[in-house]
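Below is one structure, written out as structure tokens; comments come after it.
Protein chains: 4
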Amino acid sequence: MTIGTNTDIYTRRESQARSYCRAFPVTFSKAQNATLTDSDGRSYTDFLAGCSSLNYGHNDPDMKEALIAHLAADGVTHGLDMHTNAKAEFLEAFERIILKPRDMDYKFMFTGPTGTNAVEAAMKLARKTTGRDTIIAFTNGFHGMTMGALAATGNAGKRAGAGTTLGGVVRMPYEGAMDGVDSLAMIRAMLDNPSSGIDAPAAFLIEPVQGEGGLNAASGAFLKGLQDLARKHGALIIMDDIQAGIGRTGPFFSFEGMGIKPDLIPLAKSLSGMGLPFAGLLIRPDLDIWKPAEHNGTFRGNNHAFVTARVALEKFWSDDSFQRQTEAKAAYLTERLQGIAAMVPGSKLKGRGMMQGIDVGSGDMAAEVCATCFEHGLIIETSGAHDEVVKVLAPLTIPQEQLASGLDILEAAVKAQGASHQIAAE
Amino acid sequence: MTIGTNTDIYTRRESQARSYCRAFPVTFSKAQNATLTDSDGRSYTDFLAGCSSLNYGHNDPDMKEALIAHLAADGVTHGLDMHTNAKAEFLEAFERIILKPRDMDYKFMFTGPTGTNAVEAAMKLARKTTGRDTIIAFTNGFHGMTMGALAATGNAGKRAGAGTTLGGVVRMPYEGAMDGVDSLAMIRAMLDNPSSGIDAPAAFLIEPVQGEGGLNAASGAFLKGLQDLARKHGALIIMDDIQAGIGRTGPFFSFEGMGIKPDLIPLAKSLSGMGLPFAGLLIRPDLDIWKPAEHNGTFRGNNHAFVTARVALEKFWSDDSFQRQTEAKAAYLTERLQGIAAMVPGSKLKGRGMMQGIDVGSGDMAAEVCATCFEHGLIIETSGAHDEVVKVLAPLTIPQEQLASGLDILEAAVKAQGASHQIAAE
Amino acid sequence: MTIGTNTDIYTRRESQARSYCRAFPVTFSKAQNATLTDSDGRSYTDFLAGCSSLNYGHNDPDMKEALIAHLAADGVTHGLDMHTNAKAEFLEAFERIILKPRDMDYKFMFTGPTGTNAVEAAMKLARKTTGRDTIIAFTNGFHGMTMGALAATGNAGKRAGAGTTLGGVVRMPYEGAMDGVDSLAMIRAMLDNPSSGIDAPAAFLIEPVQGEGGLNAASGAFLKGLQDLARKHGALIIMDDIQAGIGRTGPFFSFEGMGIKPDLIPLAKSLSGMGLPFAGLLIRPDLDIWKPAEHNGTFRGNNHAFVTARVALEKFWSDDSFQRQTEAKAAYLTERLQGIAAMVPGSKLKGRGMMQGIDVGSGDMAAEVCATCFEHGLIIETSGAHDEVVKVLAPLTIPQEQLASGLDILEAAVKAQGASHQIAAE
Amino acid sequence: MTIGTNTDIYTRRESQARSYCRAFPVTFSKAQNATLTDSDGRSYTDFLAGCSSLNYGHNDPDMKEALIAHLAADGVTHGLDMHTNAKAEFLEAFERIILKPRDMDYKFMFTGPTGTNAVEAAMKLARKTTGRDTIIAFTNGFHGMTMGALAATGNAGKRAGAGTTLGGVVRMPYEGAMDGVDSLAMIRAMLDNPSSGIDAPAAFLIEPVQGEGGLNAASGAFLKGLQDLARKHGALIIMDDIQAGIGRTGPFFSFEGMGIKPDLIPLAKSLSGMGLPFAGLLIRPDLDIWKPAEHNGTFRGNNHAFVTARVALEKFWSDDSFQRQTEAKAAYLTERLQGIAAMVPGSKLKGRGMMQGIDVGSGDMAAEVCATCFEHGLIIETSGAHDEVVKVLAPLTIPQEQLASGLDILEAAVKAQGASHQIAAE
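Protein chains in written order, with my numbering: chain A, 531 to 956; chain B, 531 to 956; chain C, 531 to 956; chain D, 531 to 956.
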């Protein structure tokens, strides 16, 4: 099969909704850790990593081996929400490796297999347990495409997809969203004023780092203040750690060490370890008032994902070495990005951990940088309200040299931009 | 690992929302075609088939082989919506084997990987293209658990999970839902009356056979009449073929041969062939007005599912032999169920194709029948507003003898019920 | 001032929303009982009566005298919700003359001064006391133009005025709305089916006779059955007696003698007796859980209306003679309308009491009949989903001869229609 | 009739929703200009003025005379929306005296007779003309009690009356609502950010001075900036001048001289001049896209109000002397209130024109001040989110000496508070 053929079939049969393939119009055939290979045998370094769904890289050999073994043994593939070995082993590993060492006591809810299902389950449970309707979400937040989660998503383009007005969500500025405005103080003032018109909220729904919204990273002080405010007003904290969690910022949860105890934690993306569809909701045990089957779904029992997720936990989280490696890479990333940002007047470093990028000030420039990178074998994307942030989301497992060479490509692309702009200005 | 350990971990760590595992409290270790095996080595015939997600049975050897080969070759696992070999091959197979022979012209939208994502995408697109808000859904309809799809789901228990009032959906009686009421005439009267208070609808959202709602099967006349009414009033038909499609009633689509051309067709469940999370939306080409990324999602590129789905299409749908086999089994099923129904005064045969069951008149009796079946090695579940329908959803690939022996168990369980009721009455 | 001037000013300065003046394009200067006089001195018999706001006719001399006396004495005009003599006297008269003799125990809530305010207050209170959202309203119902009441109004044209989708209301067929459908049985089936998708309602909101919707009159059996169903499902009955009440059908309340005890009764239109803005909500005492000022409004204390309303109660309702006179006129009206209806093949008599009319089968014909009547000095309007009902809403106080002569004009207009149609057909 | 009787009837028969009568538990019998007289003959100075519905005082002799003459001549009382002399004369006076001299070109829409009807009509038309749903309203805003207007009202107590969640409105801080936050900059940032989650608004709905919300007065710069922002984003400005308009701040409209051209202006309260129920909506002519009867209502033709409103316009607005008198009184009021505020540490002067008051820092203290005033013959009320503002809303026509003596009572009451607090503290 040639690329040409492939492209034709998409034009002919795939919906216009498709997007990434437009920026990277080749056919990918193979993938290993941080490297994608196209059908012509060309290799690309992956700084997109499935939008943080591939924190452990593509096709981790241990996960792959375990999955092949499971398949070969006719292990259960689709298990609804029935008991299976793979499920029990995942749950036990999650309890032993993740929850216990962090002194976290949560119930695990297997929602539908993608992030938006976990967010919807969280929103439903927050409303159900509090008897309130309003969810407070934040500027630039991204939570999913189904009606409930979409109402909490800020992006106007995505919202327009609904074809109708989205309700039940009140919007507040994220930390730092408004120059000169103390967002937390403003939210507090709105909630403390009985005539503000803001109804008592069921929950705050927030990402510790806004991946799609432009790599805005909330401080521990902000999140802690929000948690205090939530407690005061009888509201829950839904900490959407779908993109920032599972090690992306260093620790397993992105909010570790901040003194935060979220009430509900939606997880997805890298949860399966291998990029398989898998999402879950961590629930403070006393809030787990679901009746049996009150929230169900066909693919809650993706046992392939249970197998690889369990391997991922055992392999990467049994001690703190993976976290330390990530933090070291993140420090290197910060250093390199600072150097690159220094080349673009007015640009800003954004994000935290292995979820950093550069706000280059315009979506056009960011797009050009990414296009140039792709020409040189680097897959990298933008984020932000104006797509103005060039975002590095490399697999956490990327070899140091590949991380460096990828950043070299990025640096050259930014430099070329500067040169071409200077030329244009002359 | 012992069963005891497994059960403890669920009690300790899984949300109360879990359900099927309560009725079948064993740990399943292996699965092959229509047979599940528990950790003690006991075998069960599967008349549930992942709620119609396993129409080709568990772990089909050809799909399994193809998936292992894909894994071994480091084929792309998670591909966002980028071009991959597996995706192109799936799309081409779908076009060649499904669309062309049926003279169907649709775009394929890769929504999130579960049915509710496809339904939400359909509802959004219907509203967006028509500029209208109201979706007309039907009594006993089941469409998913996210806010948009849940609004269209009839079940009060599921709706209560929302914790808030669900809007945007108007409810009409499904064919036969009201004794003595011609549902279609009633819907027509409501839409034709400009003071009825029913706003011009964006779409009708309907299942050709209501799987969860009690195996209610709409006639071709009803669906055709609905389509005519939709055309007259500028509304779309969203034909939710998630549970009834992919061969469950015989043909690939459950509405084949009825003269129906739905505008939007959500698919999921058995689409991947192997029970992997995969959903899609077929879109009438002129309605495909999505902007790039207007509806996105992390797991739209589950390449494992593309691989197995393609194998499934090639293996089962390249000619009509599979459909004929299914129809033959369905005829046998009808015959056996008629015999069983005759044993329960007032009971009724429900459904169509390999999606049939018996309304035994009470949820308690249906639950007892299912529990007795499970004791004898048959996994079978109920459906309906009062869980009053014992539902046979065996894999279409089930060997004839196993279908027969499973029905023997069911027959015996129903007979035992009759006996015990008679005894109780004496 | 000439008429010309007047008409100009409307074209120049009044919103396009104006309507009745388009059908009756003269300037009215005086009004006494059932007679309106225009600025040219021409007299018209009023079969519209302010859409049932002038049940006692225009400018009743006793009400007028009392109001002039109140004005002359500098009685309070605008009293917010403070205690005034006029208010106390109205409340005492209402208790003594209306509530006590009927053994009705209700609290009186002074809502804003027009019907929609009373309906909104009722909807709010029904939701607040039940903790439920859904109000079940009926095909062809008319309840007002503000967002809450408009959601319950059926007319598509009025609904379009909202510019947005109206929520919180589920629509059911009114008695007789669907040929061959037992509306009550259908509603019962929908509420008894836990998977119908109809959420448990806060209330049924219904007009005993639908004035705007086409003079559809519910039977006592239907209303009683609805009340039983409401009790069973924990819902309230809001009996909107705004147009049908205050004597229009004979008794003070249109549902008297049917064994109905509504939970909430919005009143307006003829409540003030003289056409002054005045509305109220009767509340079953245990449902009166409003906090002080929880529902307020500037014009709840229209003392002029209290004065005239009190006079109306004392003058017309101290004994049953007025009701008997109305019933006698209604019998005469029925007889005459039967005669007229007999002249139009396929036409139907609609309504009850002094709220009757003829469905002539088409809005065009009804409009022509009304236009012809106006040419001959009779003000009469249409109602119904297609404006197909010629509606007689004469003041209840209309002299018998004037009623007769008005009906003569109507009869002649209908006859002329028949003649012209016959001619056209020839 | 004794007071005792009166009070009993309210307890027995009036809804708990009643409020002002609780603070002023006497029965008022007469009212003239700024003086109310109770049934025992005691007089009170009225600093409440029907919440600004009696800007020209109670029972203005000229309006009274005109109304008695209209009654005596059997002028039309209730005219639906038909042409009458009284209506034409009102419209012509409004055009000649109000619109033309101010170079304002608006259509007048006769909505239902109270403020909330005018606000609802404005919200509907804004949504209808823009095709958008979201109305941006402000903290502490007050717009009415029907579902649409209530959604825009900030007060939590009022909102709780809905018994359901109110949608379609996004809340922004009013000028000065948040310490250290530039409200206009914040709103601009939210609208300019395409990922803020704030949908493009149909309109801003704002009161130039927030009467109920605590006498917060927006500056011309803020309102002008808002208008510029609205123009930029294709949104309308709905200037709710119901309480602040009709001369309350000096000029006829409270926003005169600020360079503001609102798109829609709801008016009510003092519009009739005499406290009769009357509301209207001024519409920018090109936005007047209503279809005939698209928004209707029973009491749009309250001819008594047309008569008195016309007299009010002719008497008070034919030249600028009334405005100048009001401004002189307002200057005196400012001076006196500054003196009184100086007696309460931390208190603040609020408001503008004859709509000023003192924020005394606590609702308890404000209530005690008002209670003491009432004991000394002054009717005065609080406003604000915590009822912390003692609000002076005297008739604009109040004689200077009576204004002075009323303020003497207020000053003494505040002084007494100070003394008692000092005593309590000692």
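From the three backbone atoms N, C-alpha and C, an ideal C-beta is built for every residue, glycine too. This one's a predicted model, so the numbers in the text were calculated from it and none came from an experiment.
**Q.** Ala667 (chain B), enclosing beta strand (DSSP E) - first and last residue
**A.** Walking along the second sequence from the start, residue 667 (chain B) turns up at place 137. Per DSSP, the continuous beta strand (DSSP E) segment holding Ala667 (chain B) begins and ends at 665-668.
Q: Sort D:Gly645, D:Ser950, D:Phe734 by Cα distance to Asn826 (chain C) and report the nearest one.
A: Within the third sequence, residue 826 (chain C) is the residue found at index 296, counting from 1. Comparing Cα positions, the closest option is D:Gly645.
Q | Test: Pro822 (chain A) CB closer than 8 Å to a CB of chain B | A | What you label residue 822 (chain A) is simply residue 292 of the first sequence in a count that begins at 1. It does; some Cβ of chain B falls within 8 Å.
Q. According to the neighbour-count rule (16 or more other Cβ atoms, all chains shown, within 10 Å of its Cβ), is Thr532 (chain C) buried or exposed?
A. In the third sequence, counting from the first residue as 1, residue 532 (chain C) sits at position 2. For Thr532 (chain C), the pLDDT reaches just 44, beneath the cut-off of 50, and the residue's location in the model is therefore unreliable, although a value from the coordinates is still provided. With fewer than 16 other Cβ atoms within 10 Å, it is exposed.
Q: Would you grab the beta carbon distance between Ser559 (chain A) and Gly741 (chain A) for me? Rounded to a whole angstrom, and I think it's under 8 Å.
A: Along the first sequence, one-based indexing puts residue 559 (chain A) at 29. Along the first sequence, one-based indexing puts residue 741 (chain A) at 211. Contact annotation, Ser559 (chain A) with Gly741 (chain A): C-beta distance approximately 27 Å; criterion of less than 8 Å not satisfied.
Q. Which whole-angstrom value describes the C-beta separation of Leu960 (chain B) and Ala656 (chain B), a residue pair presumed to lie in contact below a C-beta threshold of 8 Å?
A. Residue 960 (chain B) cannot be examined here, being either before or after the span of chain B that is shown, 531 to 956.
Q) Are the stretch 628-635 of chain A and the stretch 666-673 of chain A touching, with three or more C-beta to C-beta distances below 8 Å? A) Note that the stretch 628-635 of chain A does not touch the stretch 666-673 of chain A; fewer than 3 beta-carbon pairs, one per stretch, sit closer than 8 Å.
Q | Sequence-distant residues of its chain with Cβ nearer than 6 Å to Thr660 (chain A) (five each side left out) | A | Against the first sequence, residue 660 (chain A) aligns to sequence position 130. The answer, listed in chain order, is Ala732.
Q) Does any C-beta atom of chain C lie closer than 8 Å to the C-beta of Arg543 (chain D)? A) If you number the fourth sequence from 1, residue 543 (chain D) lands on position 13. Closer than 8 Å to some Cβ of chain C, the Cβ of Arg543 (chain D) qualifies, so yes.
(Q) Rounding to the nearest angstrom, what Cα-Cα distance links Cys900 (chain C) and Thr695 (chain A) in this structure? (A) One-based indexing of the third sequence puts residue 900 (chain C) at position 370. One-based indexing of the first sequence puts residue 695 (chain A) at position 165. If you take the alpha carbons of Cys900 (chain C) and Thr695 (chain A), they lie about 42 Å apart.
Q: Look up Phe638 (chain B) in the DSSP assignment and say whether it is helix, strand or coil.
A: As a position in the second sequence, residue 638 (chain B) is number 108, starting the count at 1. If DSSP states are grouped into helix, strand and coil, Phe638 (chain B) belongs with the strands.
Q. Helix, strand or coil: how does DSSP classify Gly831 (chain C) here?
A. Taking the third sequence and counting its residues from 1, one reaches residue 831 (chain C) at position 301. If DSSP states are grouped into helix, strand and coil, Gly831 (chain C) belongs with coil.
Q: Kindly list, in the order they appear in chain D, the residues whose Cβ is closer than 8 Å to that of Thr669 (chain A).
A: For the purposes of this step, residue 669 (chain A) is taken as residue 139 along the first sequence, with counting starting at 1. Within chain D, the residues near Thr669 (chain A) are Met720, Asn723, Ser725, Ser726, Gly727.
(Q) Just to confirm my understanding: we take Gln947 (chain C), look at its own chain, exclude 5 residues before and 5 after, and list those with CB closer than 7 Å. What are they? (A) Sequence index remark: in the third sequence, residue 947 (chain C) carries index 417 (1-based). Met895, Glu898, Val899.
Q | Outcome for Gln868 (chain D) when other beta-carbon atoms lying within 10 angstroms are tallied against a minimum of 16 | A | As a working note, residue 868 (chain D) is residue 338 in the fourth sequence. With fewer than 16 other Cβ atoms within 10 Å, it is exposed.
Q. Who are the neighbours of Leu584 (chain C) on chain D, taking C-beta pairs under 9 Å?
A. Stepping through the third sequence from its first residue, residue 584 (chain C) is reached at position 54. The contacting residues are Thr607, His608.
Q: Measuring alpha carbon to alpha carbon, tell me which of B:Phe808, B:Glu824, B:Pro781 ends up nearest Met850 (chain B).
A: Working through the second sequence from its first residue, we reach residue 850 (chain B) at position 320. Looking at the sequence shown, residue 850 (chain B) is not Met but Asp. Here the closest residue by C-alpha is B:Pro781.
Q: Measuring only between beta-carbons, confirm whether His825 (chain C) sits less than 8 Å from chain D.
A: Indexing the third sequence from 1 puts residue 825 (chain C) at position 295. Chain D, which has a Cβ nearer than 8 Å to the Cβ of His825 (chain C), makes this yes.
Q: Just the C-alpha distance for Phe783 (chain A) and Arg866 (chain B), rounded to the nearest angstrom, thanks.
A: Your numbering for residue 783 (chain A) matches position 253 in the first sequence. Your numbering for residue 866 (chain B) matches position 336 in the second sequence. Each residue's Cα considered, the two are about 54 Å apart.
Q) DSSP beta-bridge partners for Phe558 (chain C)? A) What you label residue 558 (chain C) is simply residue 28 of the third sequence in a count that begins at 1. Secondary-structure assignment with DSSP links Phe558 (chain C) through a beta bridge to C:Asp568, D:Thr614.
Q: Taking only the alpha-carbon atoms, compute the straight-line gap between Thr535 (chain D) and Ser800 (chain C) and give it to the nearest angstrom.
A: As a first step, residue 535 (chain D) must be located in the fourth sequence, where it is residue number 5. As a first step, residue 800 (chain C) must be located in the third sequence, where it is residue number 270. Low local confidence applies: a pLDDT of 44 at Thr535 (chain D) is under 50, so the model's placement there is unreliable, and no value is given.
Q.
For Ser749 (chain A), which residues in the same chain have their Cβ closer than 7 Å to its Cβ, ignoring the five residues on either side in sequence?
A. In the first sequence, counting from the first residue as 1, residue 749 (chain A) sits at position 219. If you ignore the 5 residues before and after Ser749 (chain A), its C-beta comes within less than 7 Å of the C-beta of Glu705, all in its own chain and listed in chain order.
Q. In terms of residue numbering, what span does the beta strand (DSSP E) encompassing Lys878 (chain B) cover?
A. In the second sequence, residue 878 (chain B) corresponds to position 348, counting from 1. Where Lys878 (chain B) is concerned, the enclosing beta strand (DSSP E) starts and stops at 878-882.
Q. Along the chain, which unbroken stretches of the beta strand (DSSP E) at least 3 residues long are found entirely within the stretch 684-732 of chain C?
A. Every beta strand (DSSP E) stretch that sits fully inside the stretch 684-732 of chain C and reaches 3 residues is listed by chain position as 699-702.
Q: With Leu812 (chain A) as the anchor, note down where its beta strand (DSSP E) starts and where it stops.
A: Against the first sequence, residue 812 (chain A) aligns to sequence position 282. Unbroken beta strand (DSSP E) run through Leu812 (chain A): 810-813.
Q) Could you give the distance in angstroms between the alpha-carbon of Met720 (chain C) and the alpha-carbon of Ser726 (chain C)? A) Sequence index remark: in the third sequence, residue 720 (chain C) carries index 190 (1-based). Sequence index remark: in the third sequence, residue 726 (chain C) carries index 196 (1-based). Between Met720 (chain C) and Ser726 (chain C), the C-alpha separation is close to 6 Å.
Q.
My output table needs one value for Ile928 (chain B): the three-state DSSP class, helix, strand or coil.
A. The residue given as residue 928 (chain B) occupies position 398 in the second sequence. Ile928 (chain B) falls in the coil class under three-state DSSP.
Q.
So, at 7 Å on beta carbons, what are the nonlocal neighbours of Met788 (chain B) in its own chain, with the 5 sequence-adjacent residues on each side left out?
A. Start at 1 with the first residue of the second sequence, and residue 788 (chain B) comes out as number 258. Closer than 7 Å at the Cβ level, and outside the excluded window around Met788 (chain B), lie Gly750, Leu753, Lys754.
(Q) Quick check: the Cα distance between Phe836 (chain A) and Glu844 (chain A), rounded to an integer number of angstroms? (A) By one-based count along the first sequence, residue 836 (chain A) stands at place 306. By one-based count along the first sequence, residue 844 (chain A) stands at place 314. Just so you know, the alpha carbons of Phe836 (chain A) and Glu844 (chain A) end up roughly 12 Å apart.
Q.
Less than 8 Å between CB atoms is the rule here; does Asp663 (chain C) satisfy it with respect to chain B?
A. Translated into positions along the third sequence, residue 663 (chain C) becomes position 133. At a cut-off of 8 Å between beta carbons, Asp663 (chain C) contacts chain B.
Q | contact_flag[the stretch 914-929 of chain C, the stretch 547-563 of chain D] where n(CB pairs < 8 Å) is 3 or more | A | With a cut-off of 8 Å, the stretch 547-563 of chain D and the stretch 914-929 of chain C do not count as touching, because too few Cβ pairs lie within range.
Q. What span of residues does the beta strand (DSSP E) with Met895 (chain B) cover, start to end?
A. For the purposes of this step, residue 895 (chain B) is identified with residue 365 of the second sequence, where counting begins at 1. Under the DSSP assignment, Met895 (chain B) falls outside any beta strand (DSSP E), being part of the alpha helix (DSSP H) whose first and last residues are 893-905.
Q) What residue range is occupied by the uninterrupted beta strand (DSSP E) comprising Met873 (chain C)? A) The residue labelled residue 873 (chain C) in the question sits at position 343 within the third sequence. Boundaries for Met873 (chain C): no beta strand (DSSP E) harbours it, and the DSSP string shows neither H nor E there.
Q) Under 8 Å between C-beta atoms, does Gly674 (chain A) make it to chain D? A) Translated into the one-based positions of the first sequence, residue 674 (chain A) becomes position 144. Not one chain D Cβ lies under 8 Å of Gly674 (chain A).
Q. What does Glu622 (chain D) reach in chain C if we use C-beta pairs closer than 7 Å?
A. For the purposes of this step, residue 622 (chain D) is identified with residue 92 of the fourth sequence, where counting begins at 1. Near Glu622 (chain D) (Cβ distances below 7 Å), the residues of chain C are Ile539.
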